[in-house]
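Peer 1: First the structure, which I've put down as structure tokens, then a few questions once you've had a look.
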Amino acid sequence: MLLVALSLLVTLDATAQAETPDKEALTLIVMDPLSAPLACDCVKGCAQRDYEALALFLKQKLHQDVKVVFAESLKEAMEKSEGKVRSRI
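Here the sequence shown is numbered in our numbering, starting from 12 and rising by one per residue.
Right, here's the structure in full:
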């Protein structure tokens with residue numbers, strides 16, 4: 012479910028970026044508690060997901076810079092990403 016949500020965010024933002032003539036970096040918001048930067052010490056080095064690798068993959072496929080923002084809440088993500096989170100619902 013988390014991967015689906017991330018895919019949806021990336022797709023929606025990529026679509027919005029495609030409509031924009033300037034090539035502003037795509038912002039990928041990660042709120043996954045098992046991502047390396049957000050994982051607690053009890054799982055350090057174990058089953059941590061590498062979203063920087065995903066960002067590199069997306070950059071190569073989309074030919075666009077990808078910025079990864081790690082946050083534990085949507086409010087924090089909004090602050091860290093300078094309001095780049097947007098809803099298309």
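For each residue, glycine too, the CB sits at the ideal point set by N, CA and C.
Tell me the rounded alpha-carbon separation between V77 and D61.
Peer 2: 14 Å
Peer 1: Among residues of its own chain, excluding the 5 on either side of M42, which ones have a beta-carbon nearer than 7 Å to its beta-carbon?
Peer 2: A82, E83 and A88
Peer 1: Look up L69 in the DSSP assignment and say whether it is helix, strand or coil.
Peer 2: helix
Peer 1: Measuring CA to CA, which of C53, C51, T38 and E93 is closest to L65?
Peer 2: T38
Peer 1: Let me confirm a value: V79 is counted as buried when at least 16 other C-beta atoms fall within 10 Å, else exposed. Which label applies?
Peer 2: buried
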